[in-house]
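The next block holds one structure in the form of structure tokens; read it before the comments.
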Amino acid sequence: MIELKNIDKYYNIGTVNEICLFKDFNLKIQNGDFVSVIGSNGSGKTSMLNLICGSLQPEKGSISLGGEDITKQKEFVRQRKIGRVYQDPAMGTCPSMTILENMSLADNKGRAYGLALGTNKKRISHYREMLSQLGLGLEDMMGTKVGALSGGQRQAMALLMTTMTPIEFLILDEHTAALDPKTAELIMQLTDKIVREKNLTTVMVTHNLRFAVEYGNRLIMMHQGQAVLDKAGKEKEALAIEDLLDQFNEISIETGN
Ligand SMILES: Nc1ncnc2c1ncn2[C@@H]1O[C@H](COP(=O)(O)OP(=O)(O)OP(=O)(O)O)[C@@H](O)[C@H]1O
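According to the working numbering, the sequence shown holds residues 35 to 291 in order.
Below you can see the structure in the form of structure tokens.
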């Protein structure tokens, strides 16, 4: 379970630009949940992900993962359990290295040795098999530099690499936003497959309302540092894109924002 408890988060403390983004913010995500998070620009979605991943520290409150208090735990330690895929496909892969080298690097994440041990014949055929499941022909391009791949191919690799080691939590930060509609669809289907197969507890921030409605078992809408809509199970299944648009409009009218 991921739990954010009584979180306060300020930016630009002590300056004229000081803002309080989260005040007593609470969120519980149960094991196995796939949560879609939507919301207007600046509502706090990425900040929430950063708090979970440890690249941002709260001023008050606690964050726990599987019952363990990780509020003070460093980001690189959290990475053993939490995988994150970013909007920019370049963030999750190394462009100057080959597909094989990237796979090996991801495979050896958190281990004390380098590439040599990871690239033996047995592992290469394992990587080939994993890549072939993407259905993009990458298994026949093991010597190709990742920088030469398309955005969609790179994002598929980023997803595969992030989930190669046994993580428990997957953070998706607008990971289809930079892709064309067809490729975004493909990456979403791949995401869903990986999440189900590995039973990953997943938080996906997206501006794509259809993806938010169609995927996952819970949907949260953020606004000004608060979850203004939170639907799970059957209630989430009943949601339509129009309901979300209505909710967006209501919020805008109420806050003039
Ligand atoms: N490093 C920072 N320094 C100062 N203010 C910040 C910082 N990061 C975020 N903010 C502010 O916090 C608020 C929430 O930002 P955040 O990026 O979390 O929102 P978001 O919902 O992810 O937005 P978007 O949909 O545009 O990505 C915004 O007002 C933003 O300007």
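Yeah, the Cβ is synthetic: ideal placement off N, Cα and C, and Gly gets one too.
Source: prediction; values computed, not measured.
- Around G126, the same chain offers V119, Y120, A192, M195, T196 as residues with beta carbons nearer than 7 Å, after the five sequence neighbours per side are excluded.
- Taking 7 Å as the cut-off, one finds no heavy atom of ligand 1 near enough to the beta carbon of I285.
- Here V111 carries a helix assignment [DSSP, helix/strand/coil].
- Taking the Cβ of N242 as the reference point, every heavy atom of ligand 1 lies at 7 Å or farther away.
- Cβ neighbours of E163 within its own chain (closer than 8 Å, five residues either side excluded): E173.
- Not one heavy atom of ligand 1 falls within 7 Å of the beta-carbon of N136.
- When the beta-carbon positions are compared, A266 and N242 stay at least 8 Å from each other.
- Between ligand 1 and M256, a heavy atom-to-CB distance of less than 7 Å is present.
- Residue side-chain check: I63 keeps its Cβ at 7 Å or more from all non-hydrogen atoms of ligand 1.
- Within the segment 37-65, the complete beta strand (DSSP E) segments of 3 residues or longer fall at 53-63, listed in chain order.
- About 4 Å separates the CB atoms of L61 and L38; that is less than 8 Å, so the two are in contact.
- For M137, the closest of M175, R112, Q113 by C-alpha to C-alpha distance is M175.
- Here G73 carries a strand assignment [DSSP, helix/strand/coil].
- Residue environment for T49: exposed (fewer than 16 other C-beta atoms within 10 angstroms of its C-beta).
- About 7 Å separates the beta carbon of M238 from that of V71, a gap short enough to meet the 8 Å contact definition.
- Partner residues in the beta bridge of S98, as assigned by DSSP, are E37, D103.
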